[in-house]
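Note sheet for the following structure.
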Amino acid sequence: MNLEELKSNWKKLDEKMDRSQQLNEKVILSILKDQSKSTVSKIQNQLKTIAIYFSCLFILLVAILAGNPFDYENWYEYIPSFTYTLLLIKSLEIVIREISAVNKITLSRDNLRESLGKIIILHENYKAVMDRVWKMSMIIGFLMGISLMIRNFENYGPTKSLLLIIGNAATVMLIFFLARNTFKRIPDRNLEELKMNLAELDE
Amino acid sequence: MEKKFVSLLNQHRGIIYKICRMYSKDIDDRQDLFQEIVLQLWKAFPSFKNESNVSIWMYRIGMNTAISNYRKEKRKQSPTTFSDLLSELPDLVDDQDIPPETAPLYKAIDQLSSIEKAIVLLYLEEKSYEEIAGILGIGKSNVGVKLTRIKGKLEKIIKSFTN
Chain L
1 MNLEELKSNW KKLDEKMDRS QQLNEKVILS ILKDQSKSTV SKIQNQLKTI AIYFSCLFIL
61 LVAILAGNPF DYENWYEYIP SFTYTLLLIK SLEIVIREIS AVNKITLSRD NLRESLGKII
121 ILHENYKAVM DRVWKMSMII GFLMGISLMI RNFENYGPTK SLLLIIGNAA TVMLIFFLAR
181 NTFKRIPDRN LEELKMNLAE LDE
Chain R
204 MEKKFVSLLN QHRGIIYKIC RMYSKDIDDR QDLFQEIVLQ LWKAFPSFKN ESNVSIWMYR
264 IGMNTAISNY RKEKRKQSPT TFSDLLSELP DLVDDQDIPP ETAPLYKAID QLSSIEKAIV
324 LLYLEEKSYE EIAGILGIGK SNVGVKLTRI KGKLEKIIKS FTN
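Top line first, the protein sequences correspond to chains L and R.
Going by the working numbering, the first residue of the first sequence is number 1, and it counts up by one from there.
Going by the working numbering, the first residue of the second sequence is number 204, and it counts up by one from there.
This is the structure:
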């Protein structure tokens with residue numbers, strides 16, 4: 001048995017295809033309304049969800065800064081809240097820039113090699129963006145904690161206040177390193193498989 | 204435009220069925236991949252502009268979708284009704300259709316990598332080396348080298364079945 005023999009059998013399948021039922025127009029039209037499950041669409045949707053979340057958080061923070069619900073009395077008490085609002089704007093900018101980059105990806109005219117290359121870059125960029133967004137979120141979380149404590153610093157005194165800041169920072173850093181080490185151990189099978197396919201094409 | 208698309212799809216529906224059969228293990232996966240390929244073809248349809256070779260266009264998008272732009276995931280119950288209708292998709296390799304002497308070769312092809320399957324599929328479709336090279340983005344000579352390698356690999360797999 002060789003591939004030549006298989007070719008003649010394969011032709012029988014073509015005949016079978018010609019005899020098969022025509023695709024129902026209604027079915028096709030309903031598929032066109034369905035949401036794509038492609039890698040590009042999934043990443044687009046995830047980024048959009050993060051952008052919406054950050055936008056809501058931003059509105060909330062602006063309202064907090066404007067309404068002063070924590071009764072700040074001194075200008076320096078606003079520093080943490082103001083800083084994490086700026087960080088949130090930066091995170092939002094990173095996510096929006098990435099959404100725009102993903103939207104520009106078109107694979108319809110690419111060959112398989114180009115398509116694989118683009119998807120691998122997309123995966124890696126997405127991971128890098130998420131890593132930056134995650135780091136920013138950790139800093140925002142740290143500053144959020146400080147902003148809630150800052151009005152009591154005068155009562156606590158410099159030593160206790162400093163210890164609270166250090167303790168807060170240490171907790172955030174510990175969570176960050178634990179999570180990073182855990183996630184590093186989980187291999188990204190999709191990315192590995194895509195790279196393997198690309199390497200196989202180049203062999 | 205939708206009617207034109209459906210008509211084009213119907214003329215070449217066999218291409219999508221064959222790609223789905225090659226890259227999916229069961230009927231559920233096949234239905235999901237079928238839907239995704241149809242969606243990607245629809246997205247690409249406005250820029251299609253009656254390219255001379257429709258089958259090359261469909262193979263390129265179908266394979267890009269199956270290999271690079273689509274990951275299988277645990278299937279959730281589809282809220283739409285077309286999943287039932289799609290179960291009518293013909294199974295390309297019904298046991299009754301396979302002559303007994305060809306069955307091990309089909310089984311062996313199932314064990315090839317995604318790229319090797321793509322090359323075998325295009326070869327069986329009698330695409331020229333140039334067309335295969337164009338769809339995959341590799342050199343023409345590389346297609347020949349890979350095909351020889353795949354034939355050897357298939358022989359080895361088939362031998363392992365008999366041992």
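Glycine included, C-beta positions come from ideal geometry on N, C-alpha and C.
Keep in mind the model is a prediction, meaning the values are calculated, not measured.
Using a Cβ-Cβ distance cut-off of 8 Å, the stretch 130-146 of chain L and the stretch 210-229 of chain R are not in contact, since fewer than three pairs of beta carbons, one from each stretch, lie closer than that value. The DSSP-derived three-state label of Tyr-273 of chain R is strand.
With contacts defined by Cβ atoms closer than 9 Å, Phe-58 of chain L and Val-95 of chain L do not form a contacting pair. Residue state for Ser-108 of chain L is assigned as coil, using DSSP reduced to three classes.
Beta-bridge annotation (DSSP): Ser-115 of chain L is not paired with any residue. When DSSP states are grouped into helix, strand and coil, Ser-331 of chain R belongs to the coil group.
Restricting attention to R:Leu-339, R:Leu-324 and R:Asp-231, the CA atom closest to the CA of Ser-271 of chain R is found in R:Leu-339.
Leu-112 of chain L and Ala-336 of chain R do not touch by the CB rule: their CB atoms are close to 11 Å apart, not below 8 Å. Contacts between Asn-190 of chain L and chain R, judged by CB atoms closer than 8 Å, involve Arg-274 in chain order.
Asp-110 of chain L and Pro-69 of chain L have their C-alpha atoms some 54 Å from each other.
Distances from the CA of Asp-202 of chain L to each of R:Val-241, R:Ile-341, R:Arg-274 and R:Ile-360 were compared; the closest alpha carbon is that of R:Ile-341. Within 9 Å of the CB of Glu-333 of chain R, no CB atom of chain L is found; the nearest one sits about 12 Å away. Against chain R, the CB of Gln-46 of chain L has no partner CB under 9 Å away; the residue lies outside that interface. Here Ser-317 of chain R is not bridged, per DSSP, to any residue. Across the set R:Arg-216, R:Ser-363, R:Leu-236 and R:Lys-206, the C-alpha of R:Ser-363 shows the shortest separation from the C-alpha of Lys-310 of chain R. Listed by position along chain L, the residues whose Cβ is nearer than 7 Å to that of Ser-316 of chain R are Glu-200.
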